[in-house]
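Undergrad:
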Amino acid sequence: MATEESASMMDDYETLISTTDVELLKRAWRNEKAAPEILQFESSLVQRIKEQIELAEQNVEISEANNIDPLTVSLYQMDLDRTQFLLRSYLRVRLQKIEKYLFYVLKTDEYLNRLSKQEQMFARRCTDDLGSHLDETVLAKLPDNYQSILKQSITSEEDDMGTRSSLSRFHSYSFFLVFKHYFYLLCMNGCVDPVLFTLQSHVVSQLHIGP
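Position one of the sequence shown corresponds to residue 1 (UniProt numbering), numbered consecutively onward.
Dropping the structure here:
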């Protein structure tokens with residue numbers, strides 16, 4: 001009975017693997033890496049890939065339990081590892097883009113709708129955490145007119161602190177340069193310790209406010 005179940009699992013797995021989903025995932029990963037902006041999340045493809053991974057894991061476990069030829073098991077494991085690597089890489093490059101263009105993605109419906117529900121939750125949590133961090137370490141020490149995390153000053157008509165894309169590198173530096181400039185003024189006026197100025201400049205530059 002166990003042997004028949006194992007054979008059935010192998011047949012199902014081979015049928016799934018014979019499709020082009022893994023190749024489609026590889027293409028989606030490469031496209032995401034090459035594109036300067038975040039692309040539409042491949043929800044159906046990712047769901048199918050997750051199902052294939054789950055089936056492959058079950059297949060490997062059953063094969064090992066039934067003393068199937070170790071070489072055969074290792075081949076299944078290699079396919080499993082490759083698929084998991086592609087999926088992790090695809091999701092990772094998307095998260096990196098979300099972190100880089102955080103504010104711009106959240107305020108632009110076109111890009112926000114390209115994210116999965118989990119990615120949208122991730123983006124909002126990152127925004128909340130980053131906002132809290134900057135409020136405590138930077139914004140509270142700036143003049144009232146410059147304490148917005150989204151605008152360069154209260155005179156700005158729209159949110160102009162978010163990085164748009166790698167195609168607009170000038171704007172990538174604006175967030176960092178504004179904070180560095182006003183920290184310098186505070187330092188010169190004796191409001192901020194020079195050591196703190198150096199540390200804060202480093203912190204802001206590491207929050208991916210540059211390209």
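We put the CB at the ideal spot given by N, CA and C, even for glycine.
Fair warning: this is a prediction, and the values are worked out from it, not measured in the lab.
Measuring CA to CA, which of V22, W29, I38, K117 is closest to S89?
TA: It is W29.
Undergrad: Could you spell out where the alpha helix (DSSP H) holding F103 opens and where it closes?
TA: 102 to 107
Undergrad: Locate the alpha helix (DSSP H) running through D21, then write down its first and last residues.
TA: Start and end: 21 to 34.
Undergrad: Within the continuous alpha helix (DSSP H) that includes Q40, where are the two ends?
TA: It is not in any alpha helix (DSSP H) - Q40 carries neither H nor E in the DSSP assignment.
Undergrad: Quick check on K97: buried or exposed, where buried means 16 or more other Cβ atoms within 10 Å of its Cβ?
TA: buried
Undergrad: Just to confirm, are L39 and R114 a CB contact at a threshold of 9 Å?
TA: yes
Undergrad: Below 8 Å, how does it come out for the region 19 to 26 and the region 44 to 62: are there three or more Cβ pairs, yes or no?
TA: yes
Undergrad: If I measure Cβ to Cβ from V73 and keep anything under 8 Å in the same chain, skipping five residues before and after, which residues do I get?
TA: V60, S63, E64
Undergrad: For P36, which option in L106, E42, Q84, Y111 has the closest C-alpha, if you only look at C-alpha atoms?
TA: Y111
Undergrad: Whose C-alpha, out of T137, F103, E57, is nearest the C-alpha of M78?
TA: E57
Undergrad: Candidates L86, N66, T127, Q84: which alpha carbon is nearest V105's?
TA: T127
Undergrad: For S116 versus F41, is the C-beta spacing smaller than 9 Å?
TA: Yes, the Cβ-Cβ distance between S116 and F41 is below 9 Å.
Undergrad: Determine, using beta carbons only, whether L102 and L130 come nearer to each other than 9 Å.
TA: The answer is yes: Cβ separation under 9 Å.
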